[in-house]
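Asks: Below is the structure I would like to discuss, written out as structure tokens.
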Amino acid sequence: MSAPNAARSIEFRNATIGATIAVLRETEPARLADALHLMLGGMPDFFNGEAAVLDFSGVTSHPERIDWVGLASLLRRYRLQPVGVRNLPEELAASARQAGLAILDGAELRERQATAPPAPQARPEPAPAAQPAPATAPALAANTLYIDRPLRSGQQVYARGGDLVLLAGVSNGSEVIADGSIHCYGPLRGRALAGAQGNTEARIVTTNFGPELLSIAGIYRTFEQGIPASIAGQAALVRLIASGSEHKLDIDSLQLG
């Protein structure tokens, strides 16, 4: 399911310096608040305290003034810490500096890919009741990261450029990210984001399904209404399937025995 137009008012990308780049198409905090609510499912702690750079390249009509306090307050609500701006008109740069934001047009902010990952989309509707063809787990990438300890609340692991294998489970409040697929041989709680740089072939496999949030290549689904009884605590495979010109998340139960 495509996000409503309001959700396209802001897009998030990663940069080589480790900051999150928020590409704005609006500058009014109230409209951006609506877009973020649609995009992230209203989860106030979606991010994990990352630094954020506000990129104004997508704004077609700049206002005479920007509500920097309102923008910063909105981003902090989602646990993003604004530290700088880029592609801002010169006449607005002075007010950005007064708000404590650095002008970073000359800094190294190259995105991790020439083509940016897809913007997070609104949560897809649950898959139809009809069962798809049986799915098989993906093969591991050569540069796989193995984690043999349980991940506790507040911990984060990122498998850059490959798959992530979790041998002892993931607790609520933790976050696991992989550019490839995620394999969890234990309870999968917390947040799991596979295909972080836009790999639509990435998958998430777990022997005990129970996450707070899932994402593959920027397509998100949250479970604030609870895990469906048919897959709660069961072995499951998550992948993207084509839905017209777009993709949506599909969750299949797995028979391991």
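Read in order, the letters of the sequence shown correspond to residues 15 to 271 in our numbering.
All residues carry an ideal CB built from backbone N, CA and C; glycine is no exception.
#1: Please state whether the Cβ-Cβ distance between aspartate 264 and alanine 250 is less than 8 Å.
#2: Could you round the C-beta distance between glutamate 189 and arginine 163 to whole angstroms and report it? I think they count as a contact, below 8 Å.
#3: Take the Cβ of tyrosine 160 as the centre, count every other Cβ of all protein chains shown within 10 Å, and call the residue buried at 16 or more, exposed below.
#4: DSSP three-state label for aspartate 119, please.
#5: What residues match up with phenylalanine 61 in a beta bridge as DSSP calls it?
#6: Alpha carbon to alpha carbon, what distance is there between leucine 207 and valine 97?
#7: Near serine 229, what residues of its chain come up, given a Cβ to Cβ distance below 6 Å and the 5 sequence neighbours on each side ignored?
#8: Does the beta-carbon distance from glycine 200 to glycine 187 come in below 8 Å?
#9: Out of Val73, Asp48, Arg253, Pro77, which has the shortest C-alpha to C-alpha gap to arginine 91?
#10: Check each candidate in Gly258, Gln248, Leu180 and name the one with the smallest Cα separation from leucine 270.
#11: Using the beta-carbon count (16 or more within 10 Å), is aspartate 119 buried or exposed?
#12: Could you check the C-alpha separation between glutamate 260 and threonine 214 for me, to the nearest Å?
#13: As a quick exercise: from Ala113, Thr41, Leu254, pick the residue whose alpha carbon is nearest that of valine 73.
#14: What is the C-beta distance between leucine 178 and valine 184, in whole angstroms, given that I count them as a contact (C-beta under 8 Å)?
#15: If you draw a straight line from the C-alpha of phenylalanine 223 to the C-alpha of glycine 63, how long is it?
#16: For arginine 217 versus serine 244, is the C-beta distance shorter than 8 Å?
#17: Going by beta carbon distance, what residues of the same chain come within less than 6 Å of isoleucine 241, once the five residues before and after it are set aside?
#18: Are the beta-carbon atoms of serine 24 and leucine 46 separated by less than 8 Å?
#19: Under the three-state reduction of DSSP, which class applies to alanine 173: helix, strand or coil?
#20: Can you tell me which of Ile35, Pro77, Val219, Gln211 puts its alpha carbon nearest to the alpha carbon of arginine 203?
Replies: Checking against the coordinates, here is how it stands:
#1: no
#2: The Cβ separation is near 15 Å, so there is no contact.
#3: So tyrosine 160 ends up on the exposed side.
#4: Coil.
#5: BP columns for phenylalanine 61 are empty, so no partner.
#6: 24 Å
#7: Hits under 6 Å: Leu207.
#8: no
#9: Comparing Cα positions, the closest option is Asp48.
#10: Gln248
#11: By the neighbour-count rule (16 or more Cβ atoms within 10 Å), aspartate 119 is not buried but exposed.
#12: Near 11 Å, if we compare the C-alpha coordinates of threonine 214 and glutamate 260.
#13: Thr41
#14: Actually they are not in contact, since the Cβ atoms of leucine 178 and valine 184 sit about 10 Å apart, beyond 8 Å.
#15: 26 Å
#16: no
#17: Gly224
#18: The identity of residue 24 in the sequence shown is isoleucine, whereas the question assumes serine. Yes, these two residues count as a Cβ contact at 8 Å.
#19: strand
#20: For arginine 203, the nearest C-alpha among the options comes from Val219.
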